[in-house]
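Chemist: Protein chains in written order, with full-length UniProt numbering: chain A, 1 to 135; chain F, 1 to 136.
Here it is: the structure, laid out below.
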Amino acid sequence: MLFGDLPLVGMLKQKMAWHEQRQGVLAQNVANADTPGYKTRDLENLSFPELAAKTGGASGVTMVATDPRHMGPGAPGAAMRDERRKPYEVTPQGNAVVLEDEVMRVSQNVQDYQMAADLYSRGLGMLKMAVGRRS
Amino acid sequence: MDFLRSLSIAASGLKVQSGRMRIISENIANADSTANTAGGAPYQRKIPTFKSRFDDALGAQVVELGRIEKDKAPFETKYEPGHPAANAAGYVLTPNVNSLVEQMDLREAQRTYEANLGVITATRRMVARTLEILRA
């Protein structure tokens, strides 16, 4: 079994990919902070239950459907979707980027990414411990 | 790794803001540039414009400097009969540059530049953290 196939590690990997993509979207917002008519964008939040249902598979927890009318968890769609944010403030030129907000989001994004990366290396450490190497 | 994309987008922001600063400094430097001939037109204030362009290679909206427009606002006049650019009535046309407005524009450009720089620093931190996983 490859390391990346472990459910926990797989989820963390996806979370890191999401933050990476979000960084691109936020960079786009900051770069266009003075472009007339530009509207802010963001990525839709990564939904953990959806992700767990998708990556869980046979080993994960699945809901039992005892009746044909029972509905399972929604079909796993694309986890990363671009989303238009409701503007908080629009300049007369039609630009809806609030620079302070964007900078806050960037730093939040970096912190979340670091957390996921830390958890990832923790998982790596646990695996090393399991195979009998001290880390 | 797709971090290069974030960095390139932020770099386009840096480029645009420094181009804007160049135009602003041009305006400030020429705030007193009058014509040499009698009744001639002085320096006309320049206005930078921005436009957002979808970059196919990056798959994102980068920003770039659009056409540099001339400010259509009327020139100021000053009564100075001895000036070489004075017209028959003794008035000299002076540029339509308001240095207060230019200073504010400059500040704004500086702040946006710094914000883009912040994005680059943050992205670099993310890259560094990723590389640390390799070392762990």
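Using N, Cα and C, we set each Cβ at its ideal position, and we do this for glycine too.
(1) Pull up the distance between the alpha-carbon of A86 of chain F and that of S25 of chain F, whole angstroms please.
(2) Check whether the Cβ atoms of I28 of chain F and I68 of chain F sit closer than 8 Å, and answer yes or no.
(3) Using 8 Å as the threshold, is the C-beta distance between A122 of chain F and V30 of chain A below it?
(4) I'd like the span of the beta strand (DSSP E) that includes L93 of chain F, first residue to last.
(5) When DSSP labels each residue in this structure, what does Y79 of chain F get in the three-state scheme?
(6) Keeping to the same chain, check which residues put their C-beta closer than 6 Å to that of G40 of chain F; ignore five residues upstream and five downstream.
(7) Can you name the start and end residues of the alpha helix (DSSP H) that Q93 of chain A belongs to?
(8) Between which residues of its own chain and A75 of chain A is the CB-CB distance below 7 Å, once the five residues before and five after are set aside?
(9) Between which two residues does the alpha helix (DSSP H) containing Q61 of chain F stretch?
(10) Under a three-way DSSP split, which group does L43 of chain A fall into?
(11) Would you grab the beta carbon distance between V97 of chain A and A27 of chain A for me? Rounded to a whole angstrom, and I think it's under 8 Å.
(12) Tell me, please, whether the CB atom of T35 of chain A is closer than 8 Å to any CB atom in chain F?
(13) Does N116 of chain F come within less than 8 Å of chain A when only Cβ atoms are used?
(14) Kindly indicate which three-state DSSP category R107 of chain F falls into: helix, strand or coil?
(15) Run the CB neighbour count on K86 of chain A, radius 10 Å, all protein chains shown included, and call it buried at 16 or more, exposed below.
(16) By alpha-carbon positions, which one of F:E108, F:Q110, F:G118 ends up nearest to V110 of chain A?
(17) Based on the DSSP output, what are the partners of S52 of chain F in its beta bridges?
(18) Could you spell out the range, first to last residue, of the alpha helix (DSSP H) harbouring G39 of chain F?
(19) Going by DSSP, what residues sit across from I47 of chain F in a beta bridge?
(20) Return the residues of the stretch 1 to 34 of chain F that lie within a Cβ-Cβ distance of less than 7 Å from chain A, sorted by chain order.
(21) Applying the 10 Å Cβ sphere with the 16-neighbour rule, what's the burial state of P92 of chain A?
(22) With 8 Å as the threshold, decide whether the Cβ of K70 of chain F is near any Cβ in chain A.
(23) Can you list, in chain order, the residues of its chain whose CB lies under 7 Å from that of M104 of chain F, leaving out five sequence neighbours each side?
(24) Is the number of C-beta pairs between the stretch 5 to 25 of chain F and the stretch 48 to 57 of chain F that are closer than 8 Å three or more?
(25) Give the straight-line distance between the Cα atoms of N95 of chain A and G125 of chain A, rounded to the nearest whole angstrom.
Modeler: Checking against the coordinates, here is how it stands:
(1) 26 Å
(2) no
(3) no
(4) 91 to 94
(5) strand
(6) A85
(7) Segment: none, Q93 of chain A is in no alpha helix (DSSP H) and carries neither H nor E.
(8) Since pLDDT at A75 of chain A reaches only 44, below the 50 mark, its modelled position is unreliable, and the value read off the structure follows with that caveat. Here the set comprises nothing.
(9) That residue, Q61 of chain F, is in no alpha helix (DSSP H); its beta strand (DSSP E) goes 60 to 65.
(10) strand
(11) Going by Cβ atoms, the distance from V97 of chain A to A27 of chain A rounds to 12 Å, so no, they are not a contact pair.
(12) yes
(13) yes
(14) helix
(15) exposed
(16) F:G118
(17) F:V63
(18) Neither: G39 of chain F is in no alpha helix (DSSP H) and is coded neither H nor E.
(19) F:E69
(20) D2, F3, R5, S6, I9, A10, S12, G13
(21) exposed
(22) no
(23) none
(24) yes
(25) 47 Å
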